[in-house]
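Numbering (the UniProt record's numbering), first residue to last: 1 to 213.
I have placed the structure first, in the form of structure tokens, so that the comments after it can refer back to it.
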């Protein structure tokens, strides 16, 4: 995807999902906004600078996690987010690249779900720094990672699976490896300007859109 096309998609994404409502739901989410239950299952297309991939989410896997990802993808929270951690085992994203926006969500963590599924290749799970710290960051497993089912204060419950475009996930730029993840405070405070200066070439999410049944 060319930079011009990516920029156009980012512009379109800001108009998606009802304009003012989308802005409010992301920048000033209300208690009622965050209490909305996701459908039992739904699919989302992630349009990125490396191509598209589609994720199917299943609420019975992790209800609280799926409700959160439903809100974030429905209102295009991830538009402009960089895939800042790419290694053979996983890809991670979820910091918006806008410091003011990330500050809104910093204290909106959700309680843990029990681990029902397994972190096999193609599954997607929320990242966390300890119990009750899931908010916006997620990772996609590029290989089977069974250790993630039980490690790290209760494991990482999968919330869905890539059902199309795993080749796009495999092709995401990996030239910086683990290094960016060590500077998450800088990413949070400075956003994409820090990543673009220190870690050029990272792939980007242009927009997320629901796949019609």
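Think of the CB as a built atom: it goes at the ideal place given N, C-alpha and C, for glycine as much as any other residue.
These figures come from a predicted structure and were not determined experimentally.
Among the bridge pairs identified by DSSP, residue 52 is matched with 47. Under a 10 Å Cβ-count criterion, residue 25 is classified as buried, with 16 or more other Cβ atoms of the shown protein chains found around its own Cβ.
Rounded to whole angstroms, the gap between the alpha carbons of residue 43 and residue 73 is 10 Å. In the three-state reduction of the DSSP assignment, residue 160 falls in the strand class.
A straight line joining the alpha-carbon of residue 129 with that of residue 150 spans about 14 Å. C-alpha of residue 79 to C-alpha of residue 102: approximately 13 Å in a straight line. Judged by DSSP secondary structure, residue 187 falls within the alpha helix (DSSP H) whose first and last residues are 184-190. Per DSSP, residue 179 is not a residue of any beta strand (DSSP E), being assigned neither H nor E. Per DSSP, reduced to three states, the secondary structure at residue 136 is coil, with no helix or strand assignment. Here residue 157 is buried, its C-beta having at least 16 other C-beta atoms within 10 Å.
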